[in-house]
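What follows is one structure encoded as structure tokens, with my remarks underneath.
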Amino acid sequence: EAWLYVADSGQARCPDWASDLMAEAANCDSANPPDTQERTHSDTALYIYTSGTTGFPKAAVLSNRRFLVSSGISHMGGLNLTAKDRVYLCLPLYHGTGLFLGAAAACRSGACIILRRRFSASNFLPDIREHRATSFVYIGELCRYLLNTPEKMDDHKTTLTKVMGNGLRPDIWHEFKSRFGLQRVAEFYGSSEGNIAFVNFLNKDCTVGTTVMPLALVEYDVDEDEIVRDANGHCIRVQEGEPGLLLGPITDETVFEGYTSSEETEKKILRDVFEKGDAWFNTGDLMRTVDVGYALNFEHFQFVDRVGDTFRWKSENVSTNEVGEIINGFHQVAMCNVYGVEIPGADGKAGMASIILGADAKEFAVGDFSSYVESELPPYARPVFLRVQREMDTTGTFKMLKGDLRKQGYDPDQVSDPLYVMKPRENRYELLDHDYYTTLRAGSAGY
Numbered sequence: 039e040a041w042l043y044v045a046d047s048g049q050a051r052c053p054d055w056a057s058d059l060m061a062e063a064a065n066c067d068s069a070n071p072p073d074t075q076e077r078t079h080s081d082t083a084l085y086i087y088t089s090g091t092t093g094f095p096k097a098a099v100l101s102n103r104r105f106l107v108s109s110g111i112s113h114m115g116g117l118n119l120t121a122k123d124r125v126y127l128c129l130p131l132y133h134g135t136g137l138f139l140g141a142a143a144a145c146r147s148g149a150c151i152i153l154r155r156r157f158s159a160s161n162f163l164p165d166i167r168e169h170r171a172t173s174f175v176y177i178g179e180l181c182r183y184l185l186n187t188p189e190k191m192d193d194h195k196t197t198l199t200k201v202m203g204n205g206l207r208p209d210i211w212h213e214f215k216s217r218f219g220l221q222r223v224a225e226f227y228g229s230s231e232g233n234i235a236f237v238n239f240l241n242k243d244c245t246v247g248t249t250v251m252p253l254a255l256v257e258y259d260v261d262e263d264e265i266v267r268d269a270n271g272h273c274i275r276v277q278e279g280e281p282g283l284l285l286g287p288i289t290d291e292t293v294f295e296g297y298t299s300s301e302e303t304e305k306k307i308l309r310d311v312f313e314k315g316d317a318w319f320n321t322g323d324l325m326r327t328v329d330v331g332y333a334l335n336f337e338h339f340q341f342v343d344r345v346g347d348t349f350r351w352k353s354e355n356v357s358t359n360e361v362g363e364i365i366n367g368f369h370q371v372a373m374c375n376v377y378g379v380e381i382p383g384a385d386g387k388a389g390m391a392s393i394i395l396g397a398d399a400k401e402f403a404v405g406d407f408s409s410y411v412e413s414e415l416p417p418y419a420r421p422v423f424l425r426v427q428r429e430m431d432t433t434g435t436f437k438m439l440k441g442d443l444r445k446q447g448y449d450p451d452q453v454s455d456p457l458y459v460m461k462p463r464e465n466r467y468e469l470l471d472h473d474y475y476t477t478l479r480a481g482s483a484g485y
């Protein structure tokens with residue numbers, strides 16, 4: 039094991055326990071290495087840990103094939119990079135999005151890499167202008183952070199024209215694209231371990247794009263949290279436009295490389311899906327087809343939600359992403375995280391939203407928020423509980439975490455943040471106290 043050291047700036051001395059990367063690089067041969075058959079596409083290139091949004095991070099196995107294909111998608115399809123481009127990178131390079139779509143794609147194309155230690159919303163445009171960046175690799179939450187900064191008339195006057203990433207939600211897509219003067223938004227969908235990916239090659243709005251890989255969208259029972267199967271035990275394909283669980287067939291052409299743990303790998307494989315003996319990778323994501331207009335006969339798709347994030351309340355399916363998009367439209371809300379929580383004696387799960395207020399919100403306008411929710415969301419989709427946090431828990435790649443929020447729920451003894459509740463037959467949120475919490479836990483609140 040060896041540590042490599044890179045100075046941020048200046049002439050800082052390399053620690054004794056590390057090797058200076060720049061000094062090591064200067065001693066390397068600049069000629070291309072000889073051709074060899076000792077390494078193949080199927081060999082392991084590296085391990086990447088999953089984000090851990092739904093549990094502990096797992097080490098995903100990445101082959102040379104995956105490395106080349108993923109970086110090539112960005113280089114030649116998503117960002118369409120050339121040696122004249124300058125790619126702004128502020129995502130951690132231990133994650134696939136920053137490494138493959140940014141760094142590796144830039145290396146393949148000869149583009150310049152502008153590397154920032156960590157994302158800063160206030161320094162984003164100054165950085166773009168100073169370094170004349172033409173491309174940016176994003177995670178959806180970063181786009182929302184940028185939109186929450188004070189708008190200036192010249193935000194669109196930069197060299198930045200194209201971006202690529204994942205998680206840009208439809209509720210801010212057009213505003214983000216317009217405000218920063220973007221000509222191309224190459225949203226993509228994929229996972230470090232998965233065998234299926236989508237890319238918005240054709241630059242359509244509000245879509246993860248299309249794919250040439252085989253796939254299936256199958257019926258999923260949100261209430262029972264399980265896949266629906268027919269009388270023969272096989273999965274059922276959904277109708278056009280309906281949300282379904284995304285599956286990718288595991289074949290010699292569409293390999294599922296899995297994790298370092300064989301047990302964890304097997305958990306992601308579904309067998310006998312459509313016929314005896316077949317095997318499919320379970321993405322754990324709900325997707326649907328979407329009409330984007332003329333698209334050369336390529337079917338386009340839209341991300342709906344993570345399995346487990348969609349919940350059932352009042353006999354209706356509630357998508358946390360869709361509710362979150364509406365709540366984010368309230369003028370005081372900078373960001374929100376929606377999830378389901380149980381109420382004793384009530385069927386299904388009640389919605390709960392954890393929100394972060396914008397910097398200019400001196401006091402939460404609970405009355406205005408209540409009216410907004412009542413006008414914008416149907417009764418079954420309105421969060422029963424609210425939690426007003428100072429900051430949001432996220433992974434290293436800015437994906438919002440729900441695990442601890444679900445566990446803490448609306449228990450005043452576990453939550454120090456202000457908690458609000460909308461009681462049955464009421465249309466306004468009010469502070470949740472210990473007395474009403476006791477009523478809730480006793481199952482006598484009337485939900």
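First residue of the sequence shown: 39, per my numbering; consecutive thereafter.
Heads up, the beta-carbon is just placed ideally off N, CA and C, and yes, glycines get one too.
Residue range of the alpha helix (DSSP H) that includes residue i
| i | result |
| --- | --- |
| residue 407 | 404-414 |
| residue 51 | Premise fails: residue 51 is in no alpha helix (DSSP H) and is neither H nor E. |
| residue 183 | 178-185 |
| residue 485 | Counting along the chain, residue 485 falls outside any alpha helix (DSSP H), and DSSP gives it neither H nor E. |
| residue 82 | No alpha helix (DSSP H) contains residue 82, which is instead part of the beta strand (DSSP E) from 82-87. |
| residue 107 | 102-110 |
| residue 72 | From DSSP, residue 72 is part of no alpha helix (DSSP H); its letter is neither H nor E. |
Beta bridge counterpart(s) of residue i as assigned by DSSP
| i | result |
| --- | --- |
| residue 486 | Because the chain here runs from 39 to 485, residue 486 falls outside it and cannot be looked at. |
| residue 354 | 351 |
| residue 318 | 287 and 308 |
| residue 389 | 378 |
| residue 427 | 394 |
| residue 151 | 125 |
| residue 296 | In DSSP, residue 296 forms no bridge with anything. |
| residue 442 | None; residue 442 has no bridge partner. |
| residue 276 | Residue 276 is not bridged to any residue. |
Own chain residues within Cβ distance below 6 Å of residue i, not counting five before or after
| i | result |
| --- | --- |
| residue 276 | 255, 257 and 282 |
| residue 56 | 41 and 43 |
| residue 86 | 98, 100, 134 and 230 |
| residue 144 | 125 and 151 |
Cα-Cα separation between residue i and residue j, rounded to whole angstroms
| i | j | result |
| --- | --- | --- |
| residue 290 | residue 309 | 16 Å |
| residue 241 | residue 383 | 48 Å |
| residue 331 | residue 296 | 36 Å |
| residue 313 | residue 270 | 9 Å |
| residue 340 | residue 478 | 37 Å |
| residue 472 | residue 367 | 31 Å |
| residue 80 | residue 108 | 14 Å |
| residue 99 | residue 64 | 31 Å |
Cutoff 7 Å: residue i Cβ touching any chain B Cβ
| i | result |
| --- | --- |
| residue 213 | The chain inventory of the structure shown lacks chain B, comprising one protein chain alone. |
Residues near residue i in its chain [Cβ-Cβ closer than 8 Å; skip 5 each side]
| i | result |
| --- | --- |
| residue 307 | 288, 294, 317, 318, 319 and 320 |
| residue 492 | Since the first residue shown for the chain is 39 and the last is 485, residue 492 is missing from the structure and cannot be characterised. |
| residue 193 | 163, 217, 218 and 219 |
Opening and closing residue of the beta strand (DSSP E) in which residue i lies
| i | result |
| --- | --- |
| residue 372 | 371-379 |
| residue 339 | 338-344 |
| residue 59 | No beta strand (DSSP E) holds residue 59; the alpha helix (DSSP H) holding it covers 59-64. |
| residue 254 | 254-256 |
| residue 458 | 457-459 |
Best match in the options for proximity to residue i [C-alpha to C-alpha]
| i | options | result |
| --- | --- | --- |
| residue 342 | 153, 224, 190 and 205 | 205 |
| residue 259 | 228, 421, 386 and 179 | 386 |
| residue 455 | 286, 58, 140 and 402 | 402 |
| residue 392 | 70, 358 and 415 | 358 |
| residue 265 | 345, 58 and 375 | 345 |
| residue 398 | 62, 325, 470 and 186 | 186 |
| residue 448 | 413, 429 and 388 | 388 |
Residues near residue i by beta carbon distance below 7 Å, same chain, minus five either side
| i | result |
| --- | --- |
| residue 404 | 458 and 467 |
| residue 157 | 128 and 180 |
| residue 136 | 127, 129, 130 and 175 |
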